[in-house]
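Each residue of the sequence shown is one higher than the one before, counting from 1 in the working numbering.
Ideal Cβ positions, reconstructed from N, Cα and C, are used throughout, including at glycine.
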Amino acid sequence: MKMRTCFIACLLSFNACLFAQQRIDNLARPSQYGIFVLVGYQIASQSLDHLKANIIERRNLSENNWIKLVEISAPASLEEFKFRLNRFSVYLPDPSAIKQIPAEMLWNKLVEYKKIDSLKAWANTLPVQLALGIAYLDTTAQKEIKYEYRISRVETDGNVKVSYLSNQISYPVKVDFNPIKAIDKQYLDNSIFIQYKSLSGKKPFAVKLFRRDGLAGNYNFIPSLKTISAKGDTIIYSLRDTLIQANQIYQYYILPADYFGSIGNSSDTILVAAYNFSSVPLPKKITVMNLTTGNGLRISWQLTDIQYIKSLRIYRSESWSDKGKLIAEVSPYDSVYSDQNIEPMKIYYYEMEMIGILNEVSPKTAKVYGLYKSTTAPLPPRIKNAVGLKNGISFEIFSDELLIKGYRVYRSNTFDTRLQPISGIVLWNEGKTIFTDSSAELSGKVFYNYAIKAENTSGVLSEFSDTISARPLKPTTPPAPLNLTAKMIGNKIFLSWADMKPFEQSINGYYIYRREISSKGKEISPRKKLTDSLITPSQLSFIDSTFEKGKIYEYSVQIKDLYDGLSDFSSSAVVEIKIKTPIAPAGILAESTPEGIRLTWDEPVNSEGYSYRIYRSKGREKEKPIATITSEPFEFLDKSVVKNERYNYYIRSITKEGTESKSSQMISILK
1 MKMRTCFIAC
11 LLSFNACLFA
21 QQRIDNLARP
31 SQYGIFVLVG
41 YQIASQSLDH
51 LKANIIERRN
61 LSENNWIKLV
71 EISAPASLEE
81 FKFRLNRFSV
91 YLPDPSAIKQ
101 IPAEMLWNKL
111 VEYKKIDSLK
121 AWANTLPVQL
131 ALGIAYLDTT
141 AQKEIKYEYR
151 ISRVETDGNV
161 KVSYLSNQIS
171 YPVKVDFNPI
181 KAIDKQYLDN
191 SIFIQYKSLS
201 GKKPFAVKLF
211 RRDGLAGNYN
221 FIPSLKTISA
231 KGDTIIYSLR
241 DTLIQANQIY
251 QYYILPADYF
261 GSIGNSSDTI
271 LVAAYNFSSV
281 PLPKKITVMN
291 LTTGNGLRIS
301 WQLTDIQYIK
311 SLRIYRSESW
321 SDKGKLIAEV
331 SPYDSVYSDQ
341 NIEPMKIYYY
351 EMEMIGILNE
361 VSPKTAKVYG
371 LYKSTTAPLP
381 PRIKNAVGLK
391 NGISFEIFSD
401 ELLIKGYRVY
411 RSNTFDTRLQ
421 PISGIVLWNE
431 GKTIFTDSSA
441 ELSGKVFYNY
451 AIKAENTSGV
461 LSEFSDTISA
471 RPLKPTTPPA
481 PLNLTAKMIG
491 NKIFLSWADM
501 KPFEQSINGY
511 YIYRREISSK
521 GKEISPRKKL
531 TDSLITPSQL
541 SFIDSTFEKG
551 KIYEYSVQIK
561 DLYDGLSDFS
571 SSAVVEIKIK
581 TPIAPAGILA
591 ESTPEGIRLT
601 WDEPVNSEGY
611 SYRIYRSKGR
621 EKEKPIATIT
631 SEPFEFLDKS
641 VVKNERYNYY
651 IRSITKEGTE
661 SKSSQMISIL
671 K
């Protein structure tokens, strides 16, 4: 409307430019078919006592010469007026508007009043202006070339009274309308109703509806019933196509144009069907079964009418009440779908909906369900990092399978190599699963072998994993040694005990212990090892030569096994190391010599390295030791005597351990 107002303003401005050549803006306007040029607001017609004609000249801006295009005037009759209206209608943005123009009434007004003002609002319409010769469409102009126009008025006497210039212009131009988007479509009462919208701003003067039958071919202009209205900041375009056939598909777009027919960008394309999609039958006989090959569920169905269906959507949920998630969209020619992205032993619910060729969406079908049970065995798991513990054995289990429920643990040992199940299912953990065997029957003396089978969620077992071995660090207690004996032979004590290998294969060796006790069996010194190192299992005796005479010793033996386990002490064996009293010297003789008193005696039998202690007294004094002789000869010279004194002597033998014999016969002598 704004564009048309500017055009009328250009016409009115001519009255101010009658005697000078002047350039007038918006005098020339581009269109889709050429350039519209305004020649004035006065009708050129001798019958109306006005101007004789208007001359229109054109110049290419890249050239200097003017070319005369036309000399135009008003129609001479009503018939010519109607003819011109119909001839120019093809260049208008809305050709159907010609039918609304009351041509005869307008012509009679013009003849009666001889002024264009008498036509009132109709004088401002482009079809009437073209028909009356006050506007001209230059269809000979070349596209993309810039021109200017010169208009001259020729009066009835043939003189040119005035000339003026148009604005510089080229065609076509693209009008910058706001984007037009489809918002609604309906098939109703054998017609198709379409609505578009755009943001308010530069409003089109008219829109043309173009249609393509089916999904291929050319688009053609379609006369339609249409309205353009504003709602807030939005322009609504409502169009109705009544030239359709039932059960057909059509594609539409609209093309906006300004007052002179210059077009903007077309709207987006919309697909409309002349049928009711809700009457298309839904899929039937939907079934869900296990796949016969591969893993998953097989969904099958039947469609009785695929003419209007573009695709089928399949939805899946894990609960009857949950909203299904789209898992597939398939062709209407398909009748089977394999769902392999599921877990075994879980119920899945399926439903379907149809998508029409115009993206219509049907209601969903009723839900059906299926349970997938896999028959494929999982891969064997991996087992590693077996560690002995104080209460058993621990190891790690790994599996790359995704649908593992858990593991079955099997065990054998050194003495029984048959693998036997030892637990219920061990639940799978992401990453690794740690299993600890703390069975009471585990022995720290035995190595155990483990193998694992994986069990999937369908209950199918894998083959055995590799085997791994470990020994629990449970304390071991070998049996105590039996039949310990201890005998004193010569100067050594000989210990011996029974061979324990028949009773215990894991013997690593023996420890020998000794402690001193009293004659009543009470401990005098604590039990101590006689050696730091083990006595080998094959050595069943030990010789002790580190004892002291005159003491009582208690011996015991203990087994240490290969697993650092210690037995209880064996029954003890006691040995008393008796002290042997030496024989007192015999044959004692005393002789007074100038040097003193010389004593001599006989060598005792089995003296075994005795030494001899000399005792002396004088008068009634008590005897005192005065010397100890440790080597031969068997004599002693007492130089500490005094003359005329009587001395008494006796001698005792002394063993190496310091045991003294009884006193020899006493002998007296006067010095």
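Which listed residue (555, 463, 330) has its alpha carbon closest to that of residue 484: 555
Give the straight-line distance between the Cα atoms of residue 12 and residue 51, rounded to the nearest whole angstrom. Here residue 12 scores only 47 on pLDDT, less than 50, and its place in the model is too uncertain to base an answer on.
Counting C-beta neighbours from all protein chains within 10 Å, is the total for residue 638 16 or more, i.e. buried, or is it exposed? buried
Please classify residue 597 as buried or exposed, where buried requires at least 16 other C-beta atoms within 10 Å of its C-beta. buried
Residues bridged to residue 600 (per DSSP): 589, 635
Find out if the Cβ-Cβ distance for the pair residue 251, residue 272 is shorter than 9 Å. yes
How should residue 668 be labelled, buried or exposed, when 16 other C-beta atoms within 10 angstroms of its C-beta is the threshold for buried? exposed
Near residue 420, what residues of its chain come up, given a Cβ to Cβ distance below 8 Å and the 5 sequence neighbours on each side ignored? 410, 411, 412
Using a Cβ-Cβ cutoff of less than 8 Å, which residues in the same chain neighbour residue 283 once the five nearest sequence positions on both sides are dropped? 301, 302, 303, 312, 352, 354, 365
Taking the C-alpha atoms as reference points, what is the distance between residue 62 and residue 149? 14 Å
If I measure Cβ to Cβ from residue 131 and keep anything under 6 Å in the same chain, skipping five residues before and after, which residues do I get? 81, 84, 85
Option in 602, 446, 207 with minimal Cα separation from residue 563: 446
Within this structure, are the beta carbons of residue 569 and residue 493 separated by less than 9 Å? no
Apply the 10 Å Cβ neighbour rule to residue 153 and answer buried if 16 or more other Cβ atoms are within range, or exposed otherwise. buried
Determine the direct distance from the alpha carbon of residue 184 to that of residue 207, and round the result to whole angstroms. 17 Å
Proximity below 9 Å, CB of residue 577 to CB of residue 488: yes
Count the other CB atoms within 10 Å of the CB of residue 1; is the residue buried (16 or more) or exposed (fewer)? In this prediction, residue 1 scores a pLDDT of 46, lower than 50, which makes its location untrustworthy; the coordinate-derived value is nonetheless stated afterwards. Exposed, since its Cβ has fewer than 16 Cβ neighbours within 10 Å.
Identify, in the order they occur along the chain, each residue of the same chain with its Cβ nearer than 8 Å to the Cβ of residue 648, setting aside the five sequence neighbours on each side. 616, 617, 618, 623, 666, 667, 668
Check whether chain C comes within 9 Å of residue 207, counting only Cβ atoms and requiring the distance to be less than that. As a matter of chain content, chain C is missing from the structure shown, which is built from one protein chain.
For residue 652, which of helix, strand or coil comes out of DSSP? strand
Per DSSP, residue 28 is paired with what? 37
The alpha helix (DSSP H) enclosing residue 113, as first and last residue numbers: 103 to 113
Once the 5 residues before and after residue 7 are set aside, which same chain residues still bring their CB inside 6 Å of it? Residue placement at residue 7 is poorly supported in this model, since its pLDDT is 49, which falls under 50; the coordinates are not used for a value here.
So, at 8 Å on beta carbons, what are the nonlocal neighbours of residue 439 in its own chain, with the 5 sequence-adjacent residues on each side left out? 392, 422
Who pairs with residue 188 in a beta bridge, going by DSSP? 191
I think residue 579 touches residue 549, with their Cβ atoms under 8 Å apart; what is that distance to the nearest whole Å? 5 Å
For the beta strand (DSSP E) that residue 131 lies in, which residues bound it at each end? First-last for residue 131: 126 to 132, but that is the alpha helix (DSSP H), not the beta strand (DSSP E).
Taking 8 Å as the cut-off, does the stretch 114 to 122 touch the stretch 135 to 150 (at least 3 CB pairs, one atom from each stretch)? no
Rank 561, 288, 318 by C-alpha distance to the C-alpha of residue 336 and give the top, closest one. 288
Starting from residue 61, trace the beta strand (DSSP E) in both directions and tell me its first and last residue. Neither: residue 61 is in no beta strand (DSSP E) and is coded neither H nor E.
Measure the C-alpha to C-alpha separation of residue 565 and residue 480 and round it to an integer number of angstroms. 11 Å
My assumption, with CB atoms under 8 Å, is that residue 72 sits in contact with residue 53. Please give the rounded CB distance. 6 Å
Could you say which of 163, 240, 453, 583 lies nearest to residue 190 if we only look at CA atoms? 240
Alpha-carbon spacing of residue 255 relative to residue 112, whole angstroms: 40 Å
Quick one: give me the first and last residue of the beta strand (DSSP E) that residue 225 is part of. 225 to 231
Helix, strand or coil: which one does DSSP assign to residue 505? coil
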